[in-house]
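*Asks:* Each residue of the sequence shown is one higher than the one before, starting from 1 at the first, in our numbering.
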Amino acid sequence: MPRVVRHGPFPVQFRQVTVQRVERIAPRIQRVVLGGDALEGFRSDGADDHVKVVFPTADGLHLPTPGPNGLTFAPGITAPPMRDYTPRHFDAARRELTLDFILHDAGPATAWAQQVKIGDQLGIGGPRGSQVVADVFDWYLLLGDETAMPAIGRRLEELSDDVRAIVLIEVDDEQDALPFTSRASLDVRYVYRRGAAPGATTLLDDAVHALDWPTGEGFVYIAGEAGMMRRLKEHVTSVRNHPRDWMRASGYWKPGVSNHHD
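1. According to DSSP, is residue 123 helix, strand or coil?
2. Since residue 164 and residue 138 should fall inside the 8 angstroms C-beta cutoff, what is the C-beta to C-beta distance between them, to a whole number of angstroms?
3. Is the beta carbon of residue 32 sitting closer than 8 angstroms to the one on residue 90?
4. By DSSP, does residue 172 sit in helix, in strand, or in coil?
5. Mind checking who residue 187 pairs with in its DSSP beta bridge?
6. Mind reading off the beta-carbon distance from residue 174 to residue 199? Whole number of angstroms is fine, and I expect it under 8 angstroms.
7. For residue 34, collect the residues of the same chain with a Cβ closer than 8 angstroms to its Cβ; drop the 5 residues on either side in sequence, then sort them by chain order.
8. In whole angstroms, what separates the C-alpha of residue 153 from that of residue 88?
9. On the premise that residue 218 lies in contact with residue 253, defined as a C-beta separation below 8 angstroms, what is that separation, rounded to the nearest angstrom?
10. Starting from residue 40, trace the beta strand (DSSP E) in both directions and tell me its first and last residue.
11. Assuming contact is defined by CB atoms lying nearer than 8 angstroms, are residue 248 and residue 45 in contact in what I supplied?
12. My output table needs one value for residue 56: the three-state DSSP class, helix, strand or coil.
13. Which one of 236, 194, 196 has the shortest CA to CA distance from residue 214?
14. Do the region 141-160 and the region 60-68 meet, that is, are 3 or more Cβ pairs less than 8 angstroms apart?
15. Going by the DSSP bridge assignment, what does residue 89 pair with across the sheet?
16. Would you kindly report the start and end of the unbroken beta strand (DSSP E) that includes residue 112?
17. CA-CA distance, residue 12 and residue 212?
18. Under the rule that 16 or more other beta-carbon atoms within 10 Å means buried, what is residue 29, buried or exposed?
19. Under DSSP, the alpha helix (DSSP H) around residue 151 begins and ends at which residues?
20. For residue 7, list the residues DSSP reports as bridge partners.
21. Would you kindly check if the distance between the Cβ of residue 204 and the Cβ of residue 220 is under 8 angstroms?
22. In whole angstroms, give me the CA-to-CA distance for residue 83 and residue 126.
23. Identify which residue in 69, 258, 178, 170 has its Cα closest to the Cα of residue 194.
24. Alpha carbon to alpha carbon, how far is residue 187 from residue 5? Give it in angstroms, no decimals.
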């Protein structure tokens with residue numbers, strides 16, 4: 001049985017959805033539940049999938065049309081702000097999609113999430129495909145900053161009860177240290193920046209370097225700031241000699257760069 005399976009690519013479909021519920025689950029994390037008939041047939045198979053979120057502008061919500069040369073908009077329409085987000089949860093029966101917005105910059109996503117209200121409209125496209133990690137490993141090591149928390153939380157909820165999961169996450173302070181639920185044997189450790197700029201410390205690096213590496217066969221997931229991701233990926237593969245095929249690493253953002261994704 002393959003341990004990591006790629007599903008897709010799927011045809012890209014953009015959907016207009018409506019905000020159903022809003023909850024500030026931490027001082028810097030806004031949870032938004034989206035719904036609507038347009039979510040019929042929506043599919044997200046992997047815990048770290050991404051949807052392309054299309055934000056409304058002053059003249060409304062304008063969805064792109066996928067084509068061989070990328071995304072296009074109707075004549076006269078300027079491309080609106082778009083960002084990638086992880087589907088935190090999808091309820092097919094209720095046709096509801098949950099997204100968590102990290103309020104860590106002054107960009108269009110944070111601006112929208114801070115003032116969002118029930119009934120607002122949003123566009124989503126994708127996922128274009130999924131990487132599905134089979135629940136056959138002895139352990140799972142999940143590393144990241146707060147931007148990785150939606151994918152980490154979803155993966156933990158999907159694990160079985162006969163595996164071990166170790167989680168190390170960097171956040172600003174205890175208020176952002178969300179609790180996680182999992183059937184797995186769970187070990188969650190937070191490190192705190194205490195006001196330092198996101199992406200400007202090696203706190204998570206230090207915690208991973210000091211970690212007693214688990215025995216047996218495991219899967220490593222790394223996500224967050226691009227520089228941190230690259231450093232941890234190098235450590236895991238070169239110092240810990242972990243197989244590259246049993247790892248996934250994603251750079252979600254980079255200081256000073258808008259809409260970055262590795």
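C-beta atoms are modelled at their ideal positions from N, C-alpha and C, and glycine is treated no differently.
*Replies:* Here's the rundown:
1. strand
2. 7 angstroms
3. no
4. coil
5. 166
6. Residue 174 to residue 199, Cβ: 20 angstroms. No contact.
7. 17, 18, 19, 20, 96, 97, 98, 99, 122, 124
8. 8 angstroms
9. About 26 angstroms; that fails the 8 angstroms criterion.
10. No beta strand (DSSP E) holds residue 40; DSSP gives it neither H nor E.
11. no
12. coil
13. 236
14. no
15. 98
16. Residue 112 -> not in any beta strand (DSSP E); alpha helix (DSSP H) instead, spanning 108-115.
17. 42 angstroms
18. buried
19. 149-158
20. 130
21. no
22. 12 angstroms
23. 170
24. 26 angstroms
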